[in-house]
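Single-structure report; data block below.
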Ligand code: GFB
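Numbering (UniProt numbering), first residue to last: 1 to 315.
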């Protein structure tokens, strides 16, 4: 990527998009285009086509998506399917029409079958049934992968797919009914500490295993892939290659936050996929690997939470 190339980051206010903006800034990229949701509703096909024809970016980081944790995925099934399909289809088609040759689409590790051999290789896509709690979201993300593949095949574009494992970090969502596990546990442990509670509640059995990637590492992988112009297509898992049980995660969070209570498991809440550890060899062979250790990342995320919390109280 030329440092003056015009780069559109879709979803720049989200956790991933904002991390990509930070990474592009430190990388010396100066011509970055963004639009807020009020300025451009990505579910509106004509508006997206109009924007793309006017801007004609050289590169697109496609980080706009409706995302959420296990509960939000399970409850807002129609929204997750509809909004993600619309946004992906509108951006991909408008990008191709406007002559954008290179895009990076961000998917999710939940696109792989529920009961996959571990660690999960890119080849396992579409080899078995999906996890039920996030099937609509996964179907939308699989469609996004197939859009890139199909436009590449039919029209000769060079659209790539990055499949991150569970992400966390600055600008995460701390709303307990919609968030992923890590921000939820940070908030619960912090509030339990402030209130002086003896316990804190963790959903499910604590037995599922998850792999967590700090979002700035994810942004670094995205820019790495885009900068390697010789990579013209394909699916790339992005993770650390290591996972932990939810119980272990809850204990580390307690430790970082400084809360010495007892964990209480709420078995009325779903566990979801038993395990989804990504095989990250494909990206490692190209020369990229994650840098942030889980405990260090949780400390950074907790600092961000405290900052947002104090700003919210000052408002
Ligand atoms: O992060 P999470 O919501 O999503 O939950 P998934 C991971 C695990 O943590 C599940 C448990 O076993 C949850 O039951 N958990 C424990 C909690 N306490 C909590 C809590 O307070 N809040 C939450 N949210 N979970 C999502 C998919 O799956 O992963 C998405 O639904 C996406 O589609 C995302 O792929 C990366 O890892 O189960």
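The beta carbon of each residue, even a glycine, is placed where N, CA and C say it ideally should be.
Own chain residues within Cβ distance below 6 Å of residue i, not counting five before or after
i, result
"residue 128", "113"
"residue 273", "114 and 131"
"residue 305", "186"
"residue 254", "189"
"residue 184", "176"
"residue 297", "214"
"residue 53", "98"
CA-to-CA distance, residue j to residue i, given in whole angstroms
i, j, result
"residue 85", "residue 98", "20 Å"
"residue 217", "residue 287", "14 Å"
"residue 186", "residue 75", "23 Å"
"residue 257", "residue 247", "15 Å"
"residue 249", "residue 77", "27 Å"
"residue 155", "residue 213", "33 Å"
"residue 143", "residue 105", "11 Å"
"residue 149", "residue 303", "39 Å"
"residue 3", "residue 29", "5 Å"
"residue 27", "residue 101", "21 Å"
"residue 191", "residue 299", "16 Å"
"residue 103", "residue 193", "44 Å"
"residue 282", "residue 230", "15 Å"
"residue 73", "residue 136", "8 Å"
"residue 225", "residue 166", "19 Å"
"residue 208", "residue 271", "6 Å"
"residue 93", "residue 308", "37 Å"
"residue 38", "residue 261", "43 Å"
"residue 120", "residue 314", "45 Å"
"residue 153", "residue 124", "20 Å"
"residue 111", "residue 138", "5 Å"
"residue 35", "residue 87", "14 Å"
Close Cβ partners of residue i (< 8 Å) along its chain, the five nearest in sequence each way excluded
i, result
"residue 18", "12, 170 and 171"
"residue 40", "47, 48 and 51"
"residue 33", "6, 7, 8, 9, 55 and 57"
"residue 96", "151, 155 and 157"
"residue 206", "245, 246, 247, 250, 263 and 265"
Nearest-angstrom beta carbon gap, residue j and residue i [assumed within contact, 8 Å]
i, j, result
"residue 91", "residue 42", "7 Å"
"residue 133", "residue 60", "Going by Cβ atoms, the distance from residue 133 to residue 60 rounds to 30 Å, so no, they are not a contact pair."
"residue 238", "residue 164", "5 Å"
"residue 45", "residue 66", "In fact, because the Cβ distance is near 17 Å, the residues do not count as touching under 8 Å."
"residue 162", "residue 241", "15 Å between Cβ atoms; not a contact."
"residue 244", "residue 210", "7 Å"
"residue 160", "residue 233", "7 Å"
"residue 1", "residue 311", "With a Cβ gap of about 34 Å, residue 1 and residue 311 do not count as contacting."
"residue 140", "residue 80", "7 Å"
Other residues of its chain near residue i: CB distance less than 7 Å, five sequence neighbours each side excluded
i, result
"residue 203", "266 and 269"
"residue 118", "275 and 277"
"residue 21", "9, 12 and 32"
"residue 89", "147"
Residue i CB to nearest heavy atom of the ligand SAM below 7 Å
i, result
"residue 190", "This structure lacks the ligand SAM; the ligands present are the ligand GFB."
Indicate whether the contact test is met: 3 or more Cβ pairs, each with one atom in the region 193-200 and one in the region 157-174, closer than 8 Å.
no
What residue ranges within the region 29-87 form continuous alpha helix (DSSP H) runs of no fewer than 4 residues, ordered along the chain?
45-55 and 70-75
Within 8 Å, do at least three Cβ pairs link the region 207-224 to the region 291-308?
yes
Sequence ranges, alpha helix (DSSP H) only - wholly within the region 152-212, length at least 4
181-195
Suppose only complete runs of 4+ residues qualify. What are the alpha helix (DSSP H) ranges in the region 86-119, listed by chain order?
none
Report the residue ranges of all beta strand (DSSP E) runs contained in full by the region 277-304; include only those spanning at least 3 residues, in chain order.
none
Fully enclosed by the region 231-285, which alpha helix (DSSP H) runs are 4 residues long or longer?
246-257
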